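Chains as they are written, first to last, in this note's numbering: chain A, 28 to 536; chain B, 31 to 305. Even glycine gets a Cβ: it sits at the ideal position worked out from N, Cα and C. Every value quoted in this text rests on a predicted model; they were computed, and no experiment measured them.
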């Protein structure tokens, strides 16, 4: 069994202004840098031998709580990479590992060098390097968005042993515990008992350990964030920055960019299930969002207005007739219908991919992935702005395996696939083309494919792998769906403990 | 669960239409987890909210020429409109002491209580109904209602930008344990959401008997650039502050207990221009 590449990214060489020459691929806990022109793995990194040990990760909650999770800790599994992004200047890559670390790598010069690792209070779920190439914005599963300098300011910032020393000092200085409640504030008998118990408790845990590196809390939702993106817009000749955040509770929020990120400009509301991905459409004021619904939503985001929805499940059948590519893939067609009859689909990826038109120059298309569905959908971006009621042409490409991530090298899109059988390439190279207002998406044989061939033999056999842990790593979107209706007892439960335990985890860890 | 069913049964047995509900049938554990999904109903956006259910006396005949209806979502066309928007929100209104004290004082303003506990919400709704019946002649209490909501998550689903003139946060759950602090109703990040739904110049009123929570709320609002603290002199002149001190259910309890009531009020400032 081999491990699929869960995150991929292209690293361009802007210096030469030529085509992208390097490619980053994350395979479990490993990260590899490939020189595409030479078809060679030039550098490799693993969280296994990373400088930071998971056990040293600062406890994010107060120590007064029994550490029930400790049982799982001793089996030190190297942390998997869950997010990967490249700075706009292509000099740095930022990866998130599932031990909550944000790791910055220098990738310029064809070498992969980890230059910092910072442990966030909660697991990050979206990261982006701002256009200034100096700031990372990072949204986490607790709903907060932080900004961090791309390069930590000083060595002390690294969360190493220095942390332990600090906390020792802290503990010594800790003033005697004083409960915040008094006899005058509590009302019930049980509260009074709890207060007495607190009074007797001698040692009290130290306050939450502050993060030991430069960071700033920009904004926060009381919900799990699913996607964060930074937008810029020219208003009256000046560039304005915005942070767009999406959460599990159907919200898309538009806030001002730093330093005024505390100001909420508005919300794009209308989703009835979680939002999992948002995607800005370059050159327009459009934002496309997708999540646990059968439709994509197209927003005029500066006006917070829904422009239209695009049916995904229903339209694929129609477009199959008009799209010769899809017709040829009769096999795949049945696969999709089996998927769609299941009713619930979850959008797991939205990307902008070059889509050259036959008559007129460079154009782009929106490419959509649906979780566990072995295909990609493509919509030319000029179709997104069509008024309601007018059908949007959607092209479909069957891949045979579920797509996990996509990265563009020039006009070529590399798709990472969930292929677990050994000795099979885990990538497919596809190209888009616009023909008569419609996107055509097809697999191609390209230089790039040869360039990535070196990855086929990388880390193919892994004894510790199992289907379940792979599924848990690769398919996280559908889990965001709320289990509605079962909470009847919680609803009427006048004395019951507060409801949904599963979601409670969000708060707990 | 047997408990709730029995309670509901008793509630039904004792209920007479138009009669004041009795609190003892509506008691519910005083804490709810704001991070849980619960089984909430909430509109997907403010335009999808049918306020006429809550304020029937303010219902207006459907205005067809509304630009909003043409411009915005056609999906919300069928929603019955009301003549004005909710302007005062009591977040965590509990049994509604403040609501029913404020309602006759500002009969032209729509006042809404938001409460996360189901039974308590029902109590307030029943009480509003009963008071409306009893005051049929004067038309009082038509301007007050209550909905079940988790405002920490869904405030922007109910209110549009700059809609609210006053927000009350009265005796919120103090969440004493440090690890529960993020469940508190006031945080710097939540203050941004309060600022969003508030009209510049509007006030957020807070009151608590827990000094620690009082300092926490003051600190977090003070740290937020969209709010400024209202001076103590001005506070004493504000009728709402007096009402909040004496009329909230919890306020009365603290009174009996000889507790201290800490009040702070914050004013929503205008947003600064873009940098």
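Neighbourhood of residue i by C-beta, 6 angstroms cutoff - its chain only, sequence neighbours within 5 removed
| i | result |
| --- | --- |
| residue 269/A | 258, 281 and 284 |
| residue 68/A | 59, 61 and 481 |
| residue 334/A | 325 and 327 |
| residue 154/B | 126, 143 and 176 |
| residue 353/B | This structure does not reach residue 353/B, given that chain B is present from 31 up to 305, and the question cannot be answered. |
| residue 82/B | 89, 110 and 112 |
| residue 433/A | 378, 440 and 442 |
| residue 223/B | 185 |
| residue 149/A | 167, 168 and 169 |
| residue 476/A | 456 |
Alpha-carbon to alpha-carbon, residue j and residue i
| i | j | result |
| --- | --- | --- |
| residue 402/A | residue 424/A | 5 angstroms |
| residue 594/A | residue 372/A | Since the first residue shown for chain A is 28 and the last is 536, residue 594/A is missing from the structure and cannot be characterised. |
| residue 53/A | residue 218/A | 51 angstroms |
| residue 197/B | residue 62/B | 20 angstroms |
| residue 238/B | residue 176/B | 21 angstroms |
| residue 141/A | residue 133/A | 6 angstroms |
| residue 245/A | residue 279/A | 16 angstroms |
| residue 426/A | residue 249/B | 55 angstroms |
| residue 204/B | residue 405/A | 51 angstroms |
| residue 294/B | residue 232/B | 14 angstroms |
| residue 127/A | residue 262/A | 37 angstroms |
| residue 50/B | residue 131/B | 16 angstroms |
| residue 469/A | residue 91/B | 55 angstroms |
| residue 211/B | residue 294/A | 26 angstroms |
| residue 84/B | residue 118/B | 14 angstroms |
| residue 151/A | residue 165/A | 6 angstroms |
| residue 36/B | residue 278/B | 28 angstroms |
| residue 29/A | residue 51/A | 18 angstroms |
| residue 266/A | residue 216/B | 33 angstroms |
| residue 189/B | residue 458/A | 45 angstroms |
| residue 73/B | residue 159/B | 23 angstroms |
| residue 98/A | residue 492/A | In this prediction, residue 98/A scores a pLDDT of 44, lower than 50, which makes its location untrustworthy; no coordinate-derived value is stated. |
| residue 495/A | residue 107/B | 47 angstroms |
Bounding residues of the beta strand (DSSP E) (the contiguous stretch that carries residue i)
| i | result |
| --- | --- |
| residue 475/A | Segment 474 to 479 is the alpha helix (DSSP H) holding residue 475/A; no beta strand (DSSP E) there. |
| residue 499/A | Taken as a continuous stretch (DSSP letters only), residue 499/A belongs to no beta strand (DSSP E), being part of the alpha helix (DSSP H) at 494 to 501. |
| residue 113/A | 108 to 113 |
| residue 274/A | 265 to 274 |
| residue 466/A | 465 to 470 |
| residue 222/B | Where residue 222/B is concerned, there is no enclosing beta strand (DSSP E), although the alpha helix (DSSP H) it sits in stretches over 218 to 227. |
| residue 338/A | 332 to 338 |
| residue 75/B | First-last for residue 75/B: undefined, no H or E at that position. |
| residue 297/B | 292 to 298 |
| residue 261/A | 252 to 262 |
Endpoints, the alpha helix (DSSP H) within which residue i is located
| i | result |
| --- | --- |
| residue 243/B | 241 to 252 |
| residue 410/A | 408 to 411 |
| residue 187/B | 181 to 188 |
| residue 267/B | 262 to 267 |
| residue 151/B | 148 to 164 |
| residue 462/A | Element bounds for residue 462/A: not the alpha helix (DSSP H) but the beta strand (DSSP E), 454 to 462. |
| residue 283/B | 279 to 286 |
| residue 131/B | 127 to 132 |
Cβ shell of residue i (< 7 angstroms), same chain only, five flanking positions each side left out
| i | result |
| --- | --- |
| residue 500/A | 33 and 107 |
| residue 220/B | 182 |
| residue 53/B | 125 and 153 |
Residues that residue i bridges to, as DSSP identifies them
| i | result |
| --- | --- |
| residue 378/A | 394/A |
| residue 52/B | According to DSSP, residue 52/B bridges with nothing at all. |
| residue 432/A | 443/A |
| residue 280/A | 272/A and 294/A |
| residue 65/B | Answer by DSSP bridge pairing: none, since residue 65/B is not bridged. |
| residue 132/A | 120/A and 141/A |
| residue 197/B | 119/B and 234/B |
| residue 175/B | 142/B |
| residue 257/B | 298/B |
| residue 327/A | 313/A and 332/A |
8 angstroms Cβ shell around residue i - same chain, five flanking residues per side excluded
| i | result |
| --- | --- |
| residue 31/A | 54, 431, 443, 444, 445, 446, 447, 453, 497 and 501 |
| residue 303/A | 253, 254, 273, 317, 318, 319, 373, 374, 375, 504 and 507 |
| residue 176/A | 161, 162, 163 and 241 |
Problem - contact_flag[the region 112 to 122 of chain A, the region 141 to 159 of chain A] where n(CB pairs < 8 angstroms) is 3 or more - result: Segments in contact, yes.
Handout entry: Given 8 angstroms, three or more beta-carbon pairs between the region 284 to 298 of chain B and the region 257 to 266 of chain B
Key = yes
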